[in-house]
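Peer 1: Dumping the structure here so I can ask a few things about it.
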Amino acid sequence: MSLSHGQLLVHCVQVLDTYKGDVQSVEEHVNKYLKYNQIYDDSDQTFIVEVFSEIVRYASLMQVVLDGFYAKDGKKTLRSEQNLYTVVCYLALFRLDELGMAHFRKFVSSQDVNRMYRFLNFFLDEKNLLTWIRDGWEKFYERVFVETNIISSIQRWMPELQEMIGQMKDKIANRLKPKRKNLPTTETKPFNITQPRPRSIPIPEPIPKLTKHKPAPKTLYSEPKEFNKIKRNKESNRRVAEERLMEASRIQFACANPEKSQKTKEILTNIVSEEDAKLEFERHRANPPPSFLSSAPSSRSSMRRLTAKERQELYSREIPIKMNTATILREGNLYRKKEAEEIKKWENLEAGAKDASDFLKWQSEMKQRDLKEELAEIERRRLHGKLSHEEAILARQDLILENKQKVKSMKEETKKMMQEYLQKKFSEEKEIRQLVEDTMQGHKNAKEATKKLQEYKRKIVQDVNEESKELMKQALEEAEEEMRRRMELIHQIRAMEAVPIIRQKFVDLTATSGHGLLSEMSIAELRERLSLFKTAEKESEEQRRDDILAAKQAKDQMLLETLETISKHRLEQTKSAAVRFECRKKGLIPKKPEIKDPKLLELERKLEERKAQRKKEQEKAKLVPSRQSMNQTKNLINQKRAIEESRWRELEMTQERSARLVGDGAMKSHSASRLATSSAIMAS
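The following block contains the structure:
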């Protein structure tokens, strides 16, 4: 903390003095104060903010203490010092465990001793704290919170707080303790130990000389002739294989046609559309189509292939909707609202209201213009994203080149460091060998001292074993006496429990218990009243059943009426839909608005330049693949192709099986289509 304890306390008091709860919020006021007083240290800011916000939160607790203080002991104190006592009260109640007694003393000692002694002597008096102050706190908070979070924490620090108050009292009465005399410190002296004799220098061992190795033969660095022959044979075999492949592909059979059938293509498009639909996470999730439309074309391309007559037949099919009570009431309410809106519209037109056709036309034009601007903005963002992607690729390529240069320099440095390390390790091995010889001579002298120490310890262990045996005997005798006493007590208790107790009580059902209460009754009267209550309950239950039946009949009648209105509205809607379909046939489909913006053209030009630059850099950094890697990739591609062919073969077999089952009549069309879709999912 950059500020002292006294300065922090002054800032906390000033924040409370300048706070106006009706005008400002807590956070806004604290931020303004910290900025105005130029308090930039994080720890000081957090302390001031926490103290101010907590005092505002628990203001009712501090107010109870301050009202009592000004009513009893603080009659002669100023009201302007109220916020100072509030801060000290908050620190003692909530922050004493976090601050500790040392920091709390510094906060208190930074203020006037007389004021602090007067307030703390009143507040920390157990007669006041545990009687009327606690009762006042329990008016605002629960008893458990007051006992656990406030009273228990302050009672833990009560001895040290009372000691601090006593010191403040002595200071006010000018009772100062005498200072202790500074005693001279002890000076350490080294032990008088005999110095060891200087060790003799050992004779160095002769370094063995290595025998000269034979030089490597010159043929090791020259390429053998067999490799050239193998390369020539590989090239000739490759040419022959390519010629045969070209001839076989030219005269291939009709059964080996690699093109997929129309059926497999439709299944592939369905699977791709399903996978794309899974990726649209934030899209509105509509209900699935009904089962009878499963045979209808699913993709947009298949819908375009249909003729107008087939489309009309597809749209004219009646979709079965499950009409339960909720759907009937919901749809009836919707049509009722529409009818009310239409009636209101016609009434307004009769009263002389204006037609909104001009406004709707203007509104559609404005929407079209906004759509064009939005599409231009989307295209601009897309081009910006692609441009940044190309720039990131170029930056990554530059980074790869820099890293390669760094790796080269690091390899050279590691070689130098390894040479230095080997030289250093050789010198350390020599020093270690010298130390081992010196320590071996010192071990011989230490063996005699260890033998004497072991004999001394053996004598001590024998004496301790004799004393422990005597103590064990005494402990066993005392334990036996205790067990005898306990067994006697157990026998006495069991004999007392074995005595039988007479427990017979005669019950009179017509007599009362005799407690003298007004509502007292016998068991017979109680049973009679229970039977009367049961009959009354049965009558009320029958009445409720009749009411429920009447309500159900009224509800059924209301549902029938709503169904009639719904059928009328649906009939009108189908007619209007047919008219709209005919109009749509004659009219032109509105085209997507074209976007012409010079900024977009400039962005496209920049994007093409970046792409060309990236392709050049990629061609420069492109690695030439070896013959072995090319063979491996070809093998992997062939394996993948074989797996895909087997998967699609299984898929077509399952489709044929389901079609055969439908033709034989052993399976419904819905279950067969479900089998086909499940098999397609399993194959994917």
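Using our numbering, the first residue of the sequence shown is number 1443, and each one after it goes up by one. Heads up, the beta-carbon is just placed ideally off N, CA and C, and yes, glycines get one too.
Specify, as a first and last residue, the run of the alpha helix (DSSP H) that R1557 falls within.
Peer 2: 1555-1565 is the extent of the alpha helix (DSSP H) around R1557.
Peer 1: Can you give me the start and stop residues for the alpha helix (DSSP H) that D1539 sits inside?
Peer 2: 1538-1551 is the extent of the alpha helix (DSSP H) around D1539.
Peer 1: Go through its chain and collect everything with a Cβ distance to V1457's Cβ below 7 Å, but skip five positions before and after it.
Peer 2: Correct list, in chain order: V1472, Y1475, I1490, F1494.
Peer 1: Keeping to the same chain, check which residues put their C-beta closer than 8 Å to that of N1556; ignore five residues upstream and five downstream.
Peer 2: Hits under 8 Å: I1614.
Peer 1: How close, in whole Å, do the beta carbons of L1836 and E2059 come, if the pair is a contact with beta carbons under 8 Å?
Peer 2: That belief holds up - the Cβ atoms of L1836 and E2059 are roughly 7 Å apart, short of 8 Å.
Peer 1: To the nearest angstrom, report how far apart K1651 and K1853 are at their CA atoms.
Peer 2: Rounded to whole angstroms, K1651 to K1853 spans 32 Å at the Cα level.
Peer 1: Could you work out which residue in W1788, R1986, R1537, Q1553 is closest to S1595 when comparing CA atoms only?
Peer 2: It is R1537 whose Cα lies nearest to the Cα of S1595.
Peer 1: List the endpoints of the continuous alpha helix (DSSP H) containing R2012.
Peer 2: Looking at the DSSP string, the run of the alpha helix (DSSP H) that includes R2012 is 1965-2028.
Peer 1: With a CB to CB cut of under 8 Å and the five nearest residues on each side skipped, what residues in its chain are close to A1953?
Peer 2: Counting only Cβ-Cβ distances below 8 Å, and skipping sequence neighbours, we find S1964.
Peer 1: Could you give the distance in angstroms between the alpha-carbon of Q1480 and the alpha-carbon of I1497?
Peer 2: Taking the straight line joining both Cα atoms gives about 22 Å.
Peer 1: Between the C-alpha atoms of E1832 and R1681, what's the straight-line distance to the nearest angstrom?
Peer 2: Approximately 40 Å between the Cα atoms of the pair.
Peer 1: Between L2005 and I1770, how many whole angstroms is the CB-CB distance? I'm expecting something under 8 Å.
Peer 2: Correct: roughly 6 Å between the Cβ atoms.
Peer 1: Does V1588 pass the burial test, meaning 16 or more other C-beta atoms within 10 Å, or should it be called exposed?
Peer 2: That one is buried.
Peer 1: Taking Cβ positions, are M1610 and Y1559 nearer each other than 7 Å?
Peer 2: Closer than 7 Å, so yes.
Peer 1: Identify, in the order they occur along the chain, each residue of the same chain with its Cβ nearer than 7 Å to the Cβ of V1506, setting aside the five sequence neighbours on each side.
Peer 2: If we look at V1506 and ignore the five residues flanking it on each side, its Cβ neighbours are I1575, G1578, W1579.
Peer 1: Could you give the distance in angstroms between the alpha-carbon of L1991 and the alpha-carbon of T1767?
Peer 2: Rounded to whole angstroms, L1991 to T1767 spans 17 Å at the Cα level.
Peer 1: Suppose contacts are defined by Cβ-Cβ distances below 7 Å. Is F1564 in contact with D1515 by that definition?
Peer 2: Yes, the Cβ-Cβ distance between F1564 and D1515 is below 7 Å.
Peer 1: Measure the alpha-carbon distance for R1547 versus M1606 and round it to whole angstroms.
Peer 2: If you take the alpha carbons of R1547 and M1606, they lie about 8 Å apart.
Peer 1: Does A1534 come within less than 7 Å of chain C when only Cβ atoms are used?
Peer 2: Absent from the structure is chain C; it holds one protein chain and no more.
Peer 1: Classify W1579 as helix, strand or coil using the three-state DSSP reduction.
Peer 2: W1579: helix per DSSP, three-state reduction.
Peer 1: Going by DSSP in three states, H1453 sits in which element: helix, strand or coil?
Peer 2: H1453: helix per DSSP, three-state reduction.
Peer 1: Curious, which full-length beta strand (DSSP E) runs of at least 3 residues does the region 1625-1712 contain?
Peer 2: The region 1625-1712 contains no whole beta strand (DSSP E) run of 3 or more residues.
Peer 1: Assign H1453 to one of two classes, buried (16 or more other C-beta atoms within 10 Å of its C-beta) or exposed (fewer than that).
Peer 2: Buried.
Peer 1: Within a Cβ cutoff of 7 Å, which residues of the same chain sit near T1706, ignoring the five residues on either side of it in sequence?
Peer 2: So the qualifying residues of the chain are W2090, E2094.
Peer 1: For T1628, count the other beta carbons within 10 Å of its own beta carbon; 16 or more makes it buried, fewer makes it exposed. Which is it?
Peer 2: Result: exposed.
Peer 1: Less than 7 Å separating the beta-carbons of M1504 and T1519?
Peer 2: Cβ distance not < 7 Å, so M1504 and T1519 don't count as in contact.
Peer 1: Y1500: buried (16+ other C-beta within 10 angstroms of its C-beta) or exposed?
Peer 2: Label assigned to Y1500: buried.
Peer 1: Can you say whether A1534 is buried or exposed, counting buried as having 16 or more other CB atoms within 10 angstroms of its CB?
Peer 2: So A1534 ends up on the buried side.
Peer 1: For a quick check, are the C-beta atoms of N1525 and D1459 less than 7 Å apart?
Peer 2: Yes; because the gap between Cβ atoms is below 7 Å, this pair is in contact.
Peer 1: Indicate whether E1890 and P1644 have their beta-carbon atoms separated by less than 7 Å.
Peer 2: Their beta carbons are not under 7 Å apart, which means E1890 does not touch P1644 by this criterion.
Peer 1: Would you kindly report the start and end of the unbroken alpha helix (DSSP H) that includes K1779?
Peer 2: Where K1779 is concerned, the enclosing alpha helix (DSSP H) stretches over 1767-1792.
Peer 1: Going along the chain, which residues of its own chain have a beta-carbon closer than 6 Å to the beta-carbon of I1902, five neighbours each way excluded?
Peer 2: Contacts found: none.
Peer 1: What would DSSP say about V1465, mapped onto helix, strand or coil?
Peer 2: Coil, per DSSP.
Peer 1: Would you mind sorting I1820 into buried or exposed? The rule is 16 or more other CB atoms within 10 Å of its CB.
Peer 2: I1820 comes out exposed.
Peer 1: Between the region 1994-2008 and the region 1772-1786, are three or more C-beta pairs nearer than 8 Å?
Peer 2: Enough Cβ pairs lie closer than 8 Å, so yes.
Peer 1: Quick check: what's the CA-CA separation for E1708 versus A1690?
Peer 2: Each residue's Cα considered, the two are about 30 Å apart.
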